[in-house]
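Undergrad: Before I ask anything, here is the structure I am working with.
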Amino acid sequence: MTNDLRDPRPNLVGRPPREIAVLLENCVDRPYRARQVGQWVIDRNATGFEEMTNLTKEFRAELGRRFRVSDPEILDRTVAADGSVKWLFGLSDGLAIEGVSMPEEGKLTMCLSSQAGCAVGCTFCVTGALGAGRNLTPDEIVGQYRVILRELETPVDRVNIVFMGMGEPLLNTTHLGTALETLYERVSPKRITVSTAGILPGIRWLAGLSRRPKLAVSLNAPDQERRQLLMPIARRYPLPELMAELRGFPLERGRRITFEYVLIRDLNDRVADAETVSRLIREIPSKVNVIPLNEDAQHFPEHRRPDDDTINRFAVTLRDAGLTVTVRWSKGLDVDAACGQLKGRHQGKVPR
Ligand code: SAH
Ligand code: SF4
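Read in the working numbering, the sequence shown has 331 at position 298, and its numbers run on one by one without any break.
Dropping the structure here:
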C-alpha cells in the first residue's frame with residue numbers, strides 16, 4: 034500500500050515497538066498481540082495486514098480499519114553499470130525524494146534522505162540549491178529502507194545505512210530519533226551513519242543518545258573563511274566551535290568520526306589545504322572521506338572537479354600525515370546516482 038495524504042489512519046511504519054504498543058492498546062486483548070504486529074511491520078517488512086497470518090481474520094480487519102502500513106511510492110529507479118541504483122520516491126503530498134543503494138563487498142549501502150530539500154544551502158550542493166523542503170516523517174525515512182530492502186531482496190544483515198541523501202538529518206532530530214529507534218530493531222547503530230554539515234545543537238543531541246549511530250561531519254574546507262563561503266551555516270556554527278564539540282564527542286570503542294571533504298578545483302584542493310586539514314583533525318580519532326565534486330553546470334557552473342592527479346595528491350598528503358583516507362571515486366556517476374548529489378529532479382513535477 035502506498036501513502037495517501039487523505040488517509041487519516043495512522044501509519045504503523047517507522048514506529049518502534051513501544052509506539053506500536055501504545056497505538057494498539059485499545060484494540061488488543063493481550064500486549065503480546067501488539068508485539069506480533071510490530072514484528073510483522075518491523076522484522077518481516079510486511080506491506081499490509083493481510084500478510085499477518087498468525088493473527089485472526091477479525092483482528093486483521095479491525096487493524097485495517099484503524100491503521101495502515103504504507104511506504105513511499107517508487108516513481109523511478111535508475112540502475113548504473115556498477116549495480117548502484119538511484120531511487121526516486123513519491124511522498125503523499127506530491128513531493129519527491131531520492132535514495133541510492135550501492136552494492137559494496139557483499140554489503141549493500143543505502144544512502145537515505147532525511148528532508149525533502151535542504152535549508153543549509155551549501156554552494157556546491159544541488160539539494161541545497163532546491164531550497165528548504167520539509168522534514169521527513171519517521172515512516173518516510175524508514176520507508177525508503179523498507180522499499181529498497183524489499184525490492185532488492187537484500188538480507189538485512191548486509192545492510193549499511195548512511196544519511197547522506199537529501200537534507201540535513203540533524204535539523205530533523207525528532208523524526209530521525211524515532212526512525213533510528215525503529216531501525217535499531219534490525220540494523221545495529223554501528224551500521225548506521227548520520228552525516229551533518231555541522232549543526233552544533235544536533236551534534237549535542239546525538240552525543241546525548243544512549244545508542245548512537247556513527248557520525249560523519251562535512252568539513253569541506255580547511256579554515257573558517259572558506260568554509261563559510263561554501264557552507265553558509267558555518268557562520269552560525271563556526272569551525273573552532275565545531276572542532277571543540279567534536280573533540281568532546283563520546284566515541285564508542287573502535288569508533289571514529291568520518292570527515293567528508295568535497296574537493297573543488299582551486300578552492301580547497303591544494304597540498305597546503307590537506308596539511309591544514311590534517312593539523313585540524315589530528316587529535317580526533319577519525320578518517321577522511323575525500324569526495325571529488327560532482328559538477329553541476331546548471332546549479333553551480335563556477336565549481337569544478339579537480340583533475341585526478343590533484344585528487345590523488347590531496348589524498349596522499351593526508352595519508353602521509355598519518356590519517357586514514359578514502360577517496361570516493363563516484364559510484365554510479367553514470368546515472369547521477371552518486372550519493373551526495375541528490376537533486377529530486379522531478380520535484381514539483383511529479384504527476385500524482
Ligand atoms: N546534509 C548532510 C548530509 C547530506 S549531504 C551533510 O551535508 O553532511 C551528503 C554529503 O554530500 C556531504 O558530505 C556533502 O558535502 C556532499 N555533497 C553535496 N553536494 C555534493 C557535490 N555536488 N559533489 C560531491 N559531494 C557533494
Ligand atoms: Fe544540505 Fe548537506 Fe547539501 Fe549542505 S551538503 S545543502 S547540508 S544536503
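Built from N, CA and C at the ideal position, the CB exists for glycine as well. From a predicted model like this one, the values you see are computed outputs, not experimental measurements.
1. Pick from 102, 92, 144: whose alpha carbon is nearest that of residue 117?
2. Taking all protein chains shown into account, decide if residue 140 is buried (16 or more other Cβ within 10 angstroms of its Cβ) or exposed.
3. Got a sec: does the ligand SAH put a non-hydrogen atom nearer than 8 Å to the Cβ of residue 326?
4. Out of 69, 82, 63, 66, which one is the CA nearest neighbour of residue 44?
5. Helix, strand or coil: how does DSSP classify residue 49 here?
6. Within the present structure, is the beta-carbon of residue 160 separated from the nearest heavy atom of the ligand SF4 by less than 8 Å?
7. Three-state secondary structure (DSSP) at residue 130?
8. If you draw a straight line from the alpha carbon of residue 383 to that of residue 108, how long is it in whole angstroms?
9. Taking DSSP's pairing of strands, which residues face residue 292 in a bridge?
10. Identify which residue in 298, 341, 328, 292 has its Cα closest to the Cα of residue 356.
11. Would the segment 175-182 count as touching the segment 270-283 if we require 3 or more Cβ pairs under 8 Å?
12. Measure the C-alpha to C-alpha separation of residue 123 and residue 105 and round it to an integer number of angstroms.
13. I'd like the list of long-range same chain contacts for residue 151, defined as Cβ closer than 6 Å, with 5 residues on each side in sequence excluded.
14. Under the assumption that residue 316 contacts residue 280 (Cβ atoms under 8 Å), give the Cβ distance between them as a whole number of angstroms.
15. Could you tell me which residues DSSP pairs with residue 123 in its beta bridges?
16. Closest by CA to residue 306, which one among 233, 256, 190?
17. Select from 66, 58, 76 the residue whose C-alpha is nearest the C-alpha of residue 46.
18. Within 10 angstroms of its Cβ, does residue 188 collect 16 or more other Cβ (buried), or is it exposed?
19. How would you write the range of the beta strand (DSSP E) that residue 388 sits in, first residue to last?
20. On the DSSP bridge list, what partners appear for residue 143?
21. Opposite residue 72 in the DSSP bridges: which residues?
22. Less than 8 Å between the CB of residue 229 and some heavy atom of the ligand SAH, yes or no?
23. On the premise that residue 209 lies in contact with residue 270, defined as a C-beta separation below 8 Å, what is that separation, rounded to the nearest angstrom?
24. Scan the segment 323-362 and note each continuous alpha helix (DSSP H) run of 4 residues or more that stays entirely inside, going in chain order.
25. For residue 248, tell me which candidate among 254, 258, 260, 227 has the shortest Cα-Cα distance.
TA: Well, looking at it:
1. 144
2. exposed
3. yes
4. 82
5. coil
6. yes
7. strand
8. Reliability fails at residue 383, whose pLDDT of 31 lies under 50, so the model's placement of it is uncertain and no value is given.
9. 250, 321
10. 292
11. no
12. 6 Å
13. 160, 161, 200, 201
14. 7 Å
15. 106, 129
16. 256
17. 76
18. exposed
19. Any question about residue 388 goes unanswered here, given that the chain covers just 34 to 385.
20. 134, 194
21. The partner list for residue 72 (beta bridge, DSSP) is empty, contrary to what the question assumes.
22. yes
23. Their Cβ separation, rounded to whole angstroms, is 18 Å, which puts residue 270 and residue 209 out of contact at 8 Å.
24. 341-353
25. 227
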